[in-house]
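In our numbering, the protein residues as written are 1 to 385.
One structure is given below, encoded as structure tokens.
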Ligand SMILES: Cc1cc2nc3c(=O)[nH]c(=O)nc-3n(C[C@H](O)[C@H](O)[C@H](O)COP(=O)(O)O)c2cc1C
């Protein structure tokens with residue numbers, strides 16, 4: 001069955017199918033794909049799927065509470081939007097559409113260094129909680145300028161992504177030759193002609209750019225995939241002493257994204273990180289990396305009990321949020337789930353987020369769990385430590 005309208009989507013997988021039908025192959029693959037053999041991409045889902053909930057009965061679940069607390073702040077839902085670069089490849093202003101849908105639901109939006117909307121425009125356009133994600137560029141003065149712009153524009157937390165020491169080997173992107181700005185090629189032209197809606201919008205709005213780093217990455221995208229171009233500009237030498245300097249420089253809350261090893265988690269907390277973002281970049285960086293929910297399970301045993309943790313990579317169902325809560329994280333972040341939906345226009349992300357939140361409320365009810373925040377190991381029927 002072909003799904004045509006946003007209202008017809010009843011799951012995130014429906015939005016994925018809609019995106020596949022509407023986007024040129026190169027763009028869909030850029031969003032959907034993972035690194036190398038996509039083992040980690042698949043592993044993220046498999047690990048969530050392996051966890052079985054043991055539901056309770058005879059509890060009052062007439063009004064399930066989905067609020068959560070993270071770094072001392074109350075949030076009405078346990079969702080966050082993961083930072084994503086190049087969103088406007090999917091549809092012009094896709095990142096604005098996602099951010100607006102998030103804001104009206106009290107969901108923090110994380111703006112990527114490589115976003116298609118600038119730090120300033122996003123801050124002007126959206127009234128909700130904004131976090132800024134930094135890729136550490138080789139040019140330290142430029143990093144400082146980015147942080148200053150984020151601070152001046154009211155971004156309340158810095159998300160420091162540290163798992164992109166180089167661009168991941170995303171083989172679909174290498175084959176398709178996808179780049180920002182878009183570089184015309186026979187392959188792209190052929191698949192774009194068959195997606196006239198996408199093609200028309202690109203022709204009217206022009207190719208997306210990396211708005212925050214315009215001019216910095218060099219003017220040509222020739223021969224480089226997005227991951228390779230970004231990776232070539234990042235500081236692979238960034239180490240613990242540099243982290244300490246960054247910690248001193250940023251006055252607000254600091255969350256480190258891309259944490260997988262318990263020793264790193266412990267050390268980050270010791271050196272002043274406010275939160276840990278357990279992530280393998282949605283399987284887009286190191287193929288063979290541990291599934292995010294398994295990494296969380298290891299990390300929770302190594303850090304103090306109340307350590308603020310959130311997780312992304314593979315969340316496609318509201319019940320996934322219950323599973324990460326059972327392992328001690330307070331929030332779950334979604335990337336592709338929102339971006340697939342953005343291919344359908346501004347109403348897409350709003351519906352995708354509501355689908356996840358409705359699934360969460362239903363999951364809580366059917367598990368006999370009155371509140372998200374009180375979920376613990378008992379969700380699985382036995383201690384999981
Ligand atoms: C199209 C796309 C672009 C991304 N760009 C960034 C980025 O600029 N910075 C970053 O830290 N992570 C980036 N990521 C990774 C996401 O923040 C997040 O870790 C991942 O998408 C989570 O997995 P999920 O898509 O399965 O939810 C990107 C992911 C996608 C799909």
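Don't be surprised by glycine CBs; every beta carbon is placed ideally from N, CA and C.
Buried versus exposed call for residue i [16 or more other C-beta atoms within 10 Å across all chains shown]
| i | result |
| --- | --- |
| residue 239 | exposed |
| residue 148 | exposed |
| residue 285 | buried |
| residue 374 | exposed |
| residue 129 | buried |
| residue 315 | buried |
| residue 216 | exposed |
| residue 326 | buried |
| residue 168 | buried |
DSSP three-state assignment for residue i, whether helix, strand or coil
| i | result |
| --- | --- |
| residue 384 | Residue placement at residue 384 cannot be trusted, given a pLDDT of 49 that sits under 50; what the coordinates show is reported in the next sentence. Note: residue 384 maps to coil in three-state DSSP. |
| residue 49 | helix |
| residue 32 | helix |
| residue 157 | strand |
| residue 306 | coil |
| residue 59 | coil |
| residue 320 | helix |
| residue 38 | coil |
| residue 75 | strand |
| residue 197 | helix |
| residue 43 | helix |
| residue 180 | coil |
| residue 12 | helix |
| residue 65 | strand |
| residue 81 | strand |
| residue 168 | coil |
CB of residue i within 7 Å of CB of residue j, strictly
| i | j | result |
| --- | --- | --- |
| residue 178 | residue 30 | yes |
| residue 365 | residue 54 | no |
| residue 44 | residue 313 | yes |
| residue 318 | residue 353 | no |
| residue 273 | residue 303 | no |
| residue 293 | residue 48 | yes |
| residue 131 | residue 110 | yes |
| residue 119 | residue 153 | yes |
| residue 372 | residue 68 | yes |
Cβ shell of residue i (< 7 Å), same chain only, five flanking positions each side left out
| i | result |
| --- | --- |
| residue 198 | 22, 23, 24, 192 |
| residue 347 | 6 |
| residue 86 | 114, 116, 180, 208, 226 |
| residue 166 | 231, 236 |
| residue 351 | 6, 9, 341 |
Ligand 2 heavy atom lying under 6 Å from the CB of residue i
| i | result |
| --- | --- |
| residue 161 | Ligands in the displayed structure: ligand 1; ligand 2 is not one of them. |
Own chain partners of residue i with C-beta closer than 6 Å, once the 5 adjacent residues on each side are dropped
| i | result |
| --- | --- |
| residue 40 | 280, 283, 287, 289 |
| residue 360 | 66, 318, 321 |
| residue 385 | Bear in mind that the predicted position of residue 385 carries a pLDDT of just 48, short of 50, making it too unreliable to give a figure here. |
| residue 258 | 161, 162, 163, 279 |
| residue 33 | 170, 172 |
| residue 369 | 375 |
Beta-carbon proximity list for residue i, same chain, < 8 Å, skipping 5 on both sides
| i | result |
| --- | --- |
| residue 250 | 147, 151, 158 |
| residue 144 | 249 |
(message) If we require 3 or more residues per run, which beta strand (DSSP E) segments fall completely within the region 216-285?
(response) 253-259, 275-278
(request) Report the residue ranges of all alpha helix (DSSP H) runs contained in full by the region 337-379; include only those spanning at least 4 residues, in chain order. (result) 347-367
(request) Scan the region 84-149 and note each continuous beta strand (DSSP E) run of 3 residues or more that stays entirely inside, going in chain order. (result) 109-111, 130-135
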